[in-house]
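Remarks on the structure that follows.
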Amino acid sequence: MSPPLVEVSAISRSYAMRSGMFGRSTAVHAVDGVSLTIAKGETLGLVGESGSGKSTTGRIVLGLEPPDKGEVRFQGKPMAAAGTAAWRAQRARMQMIFQDPLGALDRRLPVATQIREPLDIHGLGTPAEREDRVRELLRAVELTPAHGARYPGALSGGQRQRIVLARALATKPDFLVCDEPVSALDVSIQAQVVNLLAGLQAQLGLTLLFISHDLRVVRQISNVVAVMYLGRIVEIGSADDLFARPEHPYTQALVSASPAPGRRSAGRIVLSGDPPNPAARPSGCAFHPRCPRAIARCASEVPALAAVGGNRQVACHLVAGAATRDAA
Amino acid sequence: MPQLVSIAGLSVAFSGVPVLRGVDLTLEKGEALGLVGESGSGKSVTWLGALGLLPRHAQVSGSVRLEGREILGASAAELDRVRGGRIAMIFQDPASALNPVLTIRKQLCEALALHRDLQGNAVKAEARRLLDLVGIPDAARRLEAYPHEFSGGQVQRIMIAMALAGNPDLLIADEPTTALDATIQAQILELLSTVRRELGMAMVLISHDLGVVAENCDRVAVMYAGRIVEQAPSNQLFADPVHPYAQGLIGALPPLDGPRRRLVAIPGTVPDPAHMPSGCAFAPRCTLAAEPCGLAAPSLAPIAADRSVACIRAEASRRALLGVAAE
Numbered sequence: 001m002s003p004p005l006v007e008v009s010a011i012s013r014s015y016a017m018r019s020g021m022f023g024r025s026t027a028v029h030a031v032d033g034v035s036l037t038i039a040k041g042e043t044l045g046l047v048g049e050s051g052s053g054k055s056t057t058g059r060i061v062l063g064l065e066p067p068d069k070g071e072v073r074f075q076g077k078p079m080a081a082a083g084t085a086a087w088r089a090q091r092a093r094m095q096m097i098f099q100d101p102l103g104a105l106d107r108r109l110p111v112a113t114q115i116r117e118p119l120d121i122h123g124l125g126t127p128a129e130r131e132d133r134v135r136e137l138l139r140a141v142e143l144t145p146a147h148g149a150r151y152p153g154a155l156s157g158g159q160r161q162r163i164v165l166a167r168a169l170a171t172k173p174d175f176l177v178c179d180e181p182v183s184a185l186d187v188s189i190q191a192q193v194v195n196l197l198a199g200l201q202a203q204l205g206l207t208l209l210f211i212s213h214d215l216r217v218v219r220q221i222s223n224v225v226a227v228m229y230l231g232r233i234v235e236i237g238s239a240d241d242l243f244a245r246p247e248h249p250y251t252q253a254l255v256s257a258s259p260a261p262g263r264r265s266a267g268r269i270v271l272s273g274d275p276p277n278p279a280a281r282p283s284g285c286a287f288h289p290r291c292p293r294a295i296a297r298c299a300s301e302v303p304a305l306a307a308v309g310g311n312r313q314v315a316c317h318l319v320a321g322a323a324t325r326d327a328a
Numbered sequence: 001m002p003q004l005v006s007i008a009g010l011s012v013a014f015s016g017v018p019v020l021r022g023v024d025l026t027l028e029k030g031e032a033l034g035l036v037g038e039s040g041s042g043k044s045v046t047w048l049g050a051l052g053l054l055p056r057h058a059q060v061s062g063s064v065r066l067e068g069r070e071i072l073g074a075s076a077a078e079l080d081r082v083r084g085g086r087i088a089m090i091f092q093d094p095a096s097a098l099n100p101v102l103t104i105r106k107q108l109c110e111a112l113a114l115h116r117d118l119q120g121n122a123v124k125a126e127a128r129r130l131l132d133l134v135g136i137p138d139a140a141r142r143l144e145a146y147p148h149e150f151s152g153g154q155v156q157r158i159m160i161a162m163a164l165a166g167n168p169d170l171l172i173a174d175e176p177t178t179a180l181d182a183t184i185q186a187q188i189l190e191l192l193s194t195v196r197r198e199l200g201m202a203m204v205l206i207s208h209d210l211g212v213v214a215e216n217c218d219r220v221a222v223m224y225a226g227r228i229v230e231q232a233p234s235n236q237l238f239a240d241p242v243h244p245y246a247q248g249l250i251g252a253l254p255p256l257d258g259p260r261r262r263l264v265a266i267p268g269t270v271p272d273p274a275h276m277p278s279g280c281a282f283a284p285r286c287t288l289a290a291e292p293c294g295l296a297a298p299s300l301a302p303i304a305a306d307r308s309v310a311c312i313r314a315e316a317s318r319r320a321l322l323g324v325a326a327e
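Protein chains in written order, with UniProt numbering: chain F, 1 to 328; chain W, 1 to 327.
Encoded structure:
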């Protein structure tokens with residue numbers, strides 16, 4: 001196996017939140033001890049509901065936010081301190097794509113100019129080479145130079161996301177963090193962008209961290225999938241069998257809640273209760289108040305992520321592999 | 001079966017630009033109909049237009065009958081009895097549909113006072129019963145809470161309670177779970193189907209999510225560019241879609257199990273309503289398009305009992321699908 005391009009070890013991040021104007025501030029643990037490795041050329045999918053900390057994880061991995069604890073290593077080296085020249089050079093190698101392409105683009109600049117901007121900022125190539133590169137990038141995302149002359153307002157949602165992708169690829173990055181890149185797109189356009197992303201990944205050897213709440217899209221594009229719940233990874237395993245044989249009760253509920261054409265809702269697990277509030281994290285296993293199988297131990301003891309065979313790891317007291325490992 | 005609502009030739013244009021181009025749809029009592037399509041296909045406009053909820057500059061024509069009575073262009077007084085009383089609607093963003101400075105009790109009681117002949121304590125008791133019905137715990141106390149004190153899923157439950165206040169015969173749910181997390185979406189869909197079964201209410205579920213529609217509806221209509229292109233019982237539509245667009249929508253959905261394959265994306269984008277292609281609106285994106293497709297827009301024609309499709313290449317399309325399946 002190739003050495004990991006990105007290694008995330010036990011990162012945590014909390015924010016201070018004040019309840020009301022004069023209330024006491026409480027710590028919200030957005031991300032709590034998350035460790036991940038992403039091999040070169042592979043895709044790690046990160047799924048979870050809102051407030052699970054998946055976006056914060058993405059931002060920390062990219063160095064947009066410092067972790068309180070833990071460390072992110074890129075190609076074996078720790079991230080350079082923000083604002084330094086070394087950091088800027090490293091940032092050209094890693095890029096981010098957000099959900100809302102219109103918000104990520106400047107409405108008053110032709111899109112070709114925006115694709116060119118990273119080249120100007122990082123001083124890559126002569127002006128003529130930059131023009132060539134912009135044309136090449138537009139072609140790579142299956143658009144024409146005529147599209148490049150337009151403003152974001154004159155493009156469709158799918159085309160805008162292609163422009164954002166072209167801009168992210170301008171500096172020839174090794175690593176892309178995609179935060180819900182296709183969630184705002186219609187199904188048919190979503191498939192176009194997913195196919196394009198998969199094609200570009202194979203062609204350019206890109207490594208991806210793909211964040212989404214959509215299990216189908218994540219499975220389609222990922223090699224490994226991690227499921228997050230309230231700032232922690234509860235299950236991680238290969239994309240092919242994680243959703244086919246989910247072990248953690250939360251993953252089971254998520255898979256069961258994902259509706260499928262041609263299947264009636266019989267036997268669906270409907271979780272009771274509201275989505276968890278990161279500011280009031282339950283004791284023990286954070287999922288226990290909603291878990292249909294919770295036992296007394298779940299309320300007091302935080303389950304650790306443990307291997308259960310294959311490359312699957314699960315954080316649950318009730319999953320066989322984890323229990324035997326504890327007993328041993 | 002008695003027809004509850006029948007829509008014929010419903011068309012809507014915004015400042016001269018047609019967005020809905022002749023929709024025919026019928027709904028039986030107690031039936032659950034799904035309406036799928038991409039953004040801009042006219043799923044929401046169909047019902048906003050039918051209920052007279054569009055802004056004044058929208059030109060609406062055609063016919064909308066509720067148990068035989070024409071309601072398109074009906075007087076304001078008559079529409080007031082229909083909207084909320086006979087046909088209720090819930091929307092995607094429940095938080096913006098509630099008034100943030102009034103308690104839930106005030107807002108629920110307002111809906112009850114408008115649509116039911118209830119007085120004094122009876123109103124409050126009924127409001128409490130509705131909150132119980134939609135699964136809000138501790139209803140009596142929660143009535144005095146403001147919308148911001150509830151989570152997104154609970155606010156959608158409250159919207160459903162308000163929609164039920166008038167004892168409607170038909171509930172139109174416009175993307176009711178799109179803004180919610182997966183596990184909460186499952187809760188709301190379960191609630192909708194329980195309520196529908198208990199009250200014998202008909203429902204139109206508008207969604208871009210094929211899975212949601214497939215699981216919760218008896219019949220599905222697929223819309224594209226302001227027209228219905230295929231109508232079928234849900235199990236048949238998803239097992240054997242006939243219209244190339246319906247096939248494309250289903251092919252574009254990544255599978256959750258089994259081998260991974262490259263997605264079959266529909267090329268191109270939805271046409272601009274102001275520059276609609278002549279003939280079939282889907283022809284420019286269709287792999288099966290032939291010359292006659294550009295000449296005239298195909299009309300919805302029956303291909304089997306309770307199935308209809310608007311495609312002149314329907315036979316070829318069906319063969320193509322079977323050919324692919326035989327490989």
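Glycine included, every Cβ here is placed at the ideal spot set by N, Cα and C.
query: Which residues, in order along the region 229-259 of chain W, keep a beta-carbon less than 9 Å from a beta-carbon of chain F?
result: Ser-234, Asn-235, Leu-237, Phe-238, Ala-239, Tyr-245, Gly-248, Leu-249, Ile-250, Gly-251, Ala-252, Leu-253, Pro-254, Pro-255, Leu-256, Asp-257, Gly-258, Pro-259
message: At the 7 Å Cβ level, is Asn-311(F) part of the contact set with chain A, yes or no?
response: Structure shown: chain A not included; protein chains present are F and W.
field: Near-chain W residues of the region 168-197 of chain F - C-beta to any C-beta below 8 Å
entry: Asp-186, Val-187, Ser-188, Ile-189, Gln-190, Ala-191, Gln-192, Val-194, Asn-195
task: Tell me whether Pro-241(W) is buried or exposed, calling it buried when 16 or more other Cβ atoms sit within 10 Å of its Cβ.
output: Position 241 of the second sequence, counted from the start, is the residue given in the question as residue 241(W). Buried, by the Cβ-count rule.
query: Hey, out of Val-31(F), Thr-37(F), Asp-32(F), whose CA is closest to Val-8(F)'s CA?
result: Counting from one through the first sequence, the residue named residue 8(F) turns up at place 8. It is Thr-37(F) whose Cα lies nearest to the Cα of Val-8(F).
- request: Please list, in chain order, all residues of the same chain as Arg-162(F) whose beta carbon is under 8 Å from its beta carbon, the five residues on each side excluded.
  value: Taking the first residue of the first sequence as 1, we reach residue 162(F) at position 162. Excluding positions up to five away in sequence, the list reads Val-141, Glu-142, Leu-143, Val-193, Leu-196.
query: Assuming Ser-12(F) and Gly-70(F) make a contact with CB atoms under 8 Å, what is their CB distance in whole Å?
result: Stepping through the first sequence from its first residue, residue 12(F) is reached at position 12. Stepping through the first sequence from its first residue, residue 70(F) is reached at position 70. About 6 Å; that satisfies the 8 Å criterion.
Delimiting residues of the alpha helix (DSSP H) encompassing Tyr-250(F): For the purposes of this step, residue 250(F) is identified with residue 250 of the first sequence, where counting begins at 1. It spans 249-257 - the alpha helix (DSSP H) in which Tyr-250(F) sits, taken as one unbroken run.
field: residue 346(F) versus Ala-112(F), Glu-117(F), His-122(F), residue with shortest Cα-Cα distance
entry: Nothing about residue 346(F) can be read from this structure; chain F reaches only from 1 to 328.
query: Helix, strand or coil: how does DSSP classify Thr-57(F) here?
result: Taking the first sequence and counting its residues from 1, one reaches residue 57(F) at position 57. Helix at Thr-57(F).
- request: Using a Cβ cut-off of 7 Å (strictly closer), state whether Leu-204(F) contacts chain W.
  value: Counted from its first residue, the first sequence places residue 204(F) at position 204. No, Leu-204(F) does not count as interfacial toward chain W.
Of the listed residues Ser-222(F), Ser-256(F), Ala-315(F), nearest to Tyr-229(F) (C-alpha basis): Taking the first residue of the first sequence as position 1, residue 229(F) is located at position 229. Answer by Cα proximity: Ala-315(F).
- request: Assign Lys-29(W) to one of three DSSP states: helix, strand, or coil.
  value: Residue mapping note: residue 29(W) aligns to position 29 of the second sequence, counting from 1. Reduced to three states, the DSSP call for Lys-29(W) is coil.
- prompt: Does the beta carbon of Ser-156(F) sit closer than 7 Å to a beta carbon anywhere in chain W?
  reply: The sequence position of residue 156(F) within the first sequence is 156, counting from 1. So, interface residue.
- request: Compare the C-beta of Val-212(W) with all C-beta atoms of chain F and state if any pair is closer than 7 Å.
  value: Residue 212(W) sits at position 212 when you count from the first residue of the second sequence. True, the Cβ-Cβ gap to chain F drops below 7 Å.
- prompt: Under the three-state reduction of DSSP, which class applies to Val-47(F): helix, strand or coil?
  reply: Here residue 47(F) is taken as the residue at index 47 of the first sequence, counted from 1. Val-47(F): strand per DSSP, three-state reduction.
Burial state of His-243(W) (16 or more Cβ within 10 Å): If you number the second sequence from 1, residue 243(W) lands on position 243. It counts as buried.
- prompt: What does Ser-11(W) pair with, by DSSP beta-bridge criteria?
  reply: Residue mapping note: residue 11(W) aligns to position 11 of the second sequence, counting from 1. DSSP lists Arg-21(W), Ser-61(W) as partners of Ser-11(W).
- prompt: Quick one: what does DSSP say Ile-11(F) is sitting in, helix, strand or coil?
  reply: Mapped onto the first sequence, residue 11(F) falls at position 11. In this structure, Ile-11(F) counts as strand in the three-state DSSP scheme.
- prompt: Near Pro-152(F), what residues of its chain come up, given a Cβ to Cβ distance below 7 Å and the 5 sequence neighbours on each side ignored?
  reply: The residue labelled residue 152(F) in the question sits at position 152 within the first sequence. Excluding residues within five positions, the ones whose Cβ falls inside 7 Å are Leu-102, Leu-105, Arg-107, Val-111, Arg-160.
field: Helix, strand or coil at Glu-38(W) according to DSSP, with G and I counted as helix
entry: Sequence index remark: in the second sequence, residue 38(W) carries index 38 (1-based). Of the three classes helix, strand and coil, the one that applies to Glu-38(W) here is coil, per DSSP.
- request: Could you confirm whether any beta carbon from chain W is found closer than 7 Å to the beta carbon of Met-17(F)?
  value: The residue given as residue 17(F) occupies position 17 in the first sequence. No, Met-17(F) does not count as interfacial toward chain W.
DSSP beta-bridge partners of Thr-207(F): Locating residue 207(F) in the first sequence gives position 207, where the first residue counts as 1. Beta-bridge pairing links Thr-207(F) to Phe-175(F).
task: Would you kindly work out how many angstroms separate the C-alpha atoms of Gly-211(W) and Ala-82(F), rounded to a whole number?
output: Here the question's residue 211(W) lines up with position 211 in the second sequence. Here the question's residue 82(F) lines up with position 82 in the first sequence. Each residue's alpha carbon lies about 44 Å from the other.
- prompt: Using Cβ-Cβ distances below 8 Å, what residues of the region 35-47 of chain W are close to chain F?
  reply: Glu-38, Ser-39
message: Does the CB of Asp-181(W) have a neighbour CB from chain F at under 7 Å?
response: Residue numbering aside, residue 181(W) sits at position 181 when the second sequence is read from its first letter. Output row for Asp-181(W): interface = yes.
query: If you run the structure through DSSP and keep just helix, strand and coil, what is Ala-202(W)?
result: Locating residue 202(W) in the second sequence gives position 202, where the first residue counts as 1. Strand at Ala-202(W).
Met-201(W) burial status per 10 Å Cβ neighbour count (16 or more: buried): Here residue 201(W) corresponds to residue number 201 of the second sequence, with the count starting at 1. By the 10 Å Cβ count, Met-201(W) comes out buried.
field: Beta-bridge partners of Asp-174(W), as assigned by DSSP
entry: In the second sequence, residue 174(W) corresponds to position 174, counting from 1. Ile-206(W).
field: Cutoff 7 Å: Glu-247(F) Cβ touching any chain W Cβ
entry: For the purposes of this step, residue 247(F) is taken as residue 247 along the first sequence, with counting starting at 1. Cβ-Cβ to chain W under 7 Å: no for Glu-247(F).
- prompt: How would you label Glu-31(W), buried or exposed, when you count the other beta carbons within 10 angstroms and need 16 or more for buried?
  reply: For the purposes of this step, residue 31(W) is taken as residue 31 along the second sequence, with counting starting at 1. Looking at its Cβ environment, which holds 16 or more other Cβ atoms inside 10 Å, Glu-31(W) is buried.
message: Using 8 Å as the cut-off, can you tell me whether the region 216-232 of chain W makes contact with the region 37-46 of chain W, which would need three or more C-beta pairs spanning the two stretches below that distance?
response: yes
- prompt: Which whole-angstrom value is the C-beta distance of Ile-184(W) and Pro-176(W), which I expect to be below 8 Å?
  reply: The residue you call residue 184(W) lines up with position 184 of the second sequence. The residue you call residue 176(W) lines up with position 176 of the second sequence. The Cβ separation is near 11 Å, so there is no contact.
- prompt: Counting only runs that start and end within the region 175-260 of chain W, where is the beta strand (DSSP E) found for 3 or more residues in a row?
  reply: 202-207, 219-224, 227-233
- prompt: Terminal residues of the continuous beta strand (DSSP E) containing Pro-302(W)?
  reply: By one-based count along the second sequence, residue 302(W) stands at place 302. Where Pro-302(W) is concerned, the enclosing beta strand (DSSP E) stretches over 301-304.
- prompt: Which runs of the beta strand (DSSP E) spanning at least 3 residues fall entirely within the region 109-188 of chain F, listed in chain order?
  reply: 175-179
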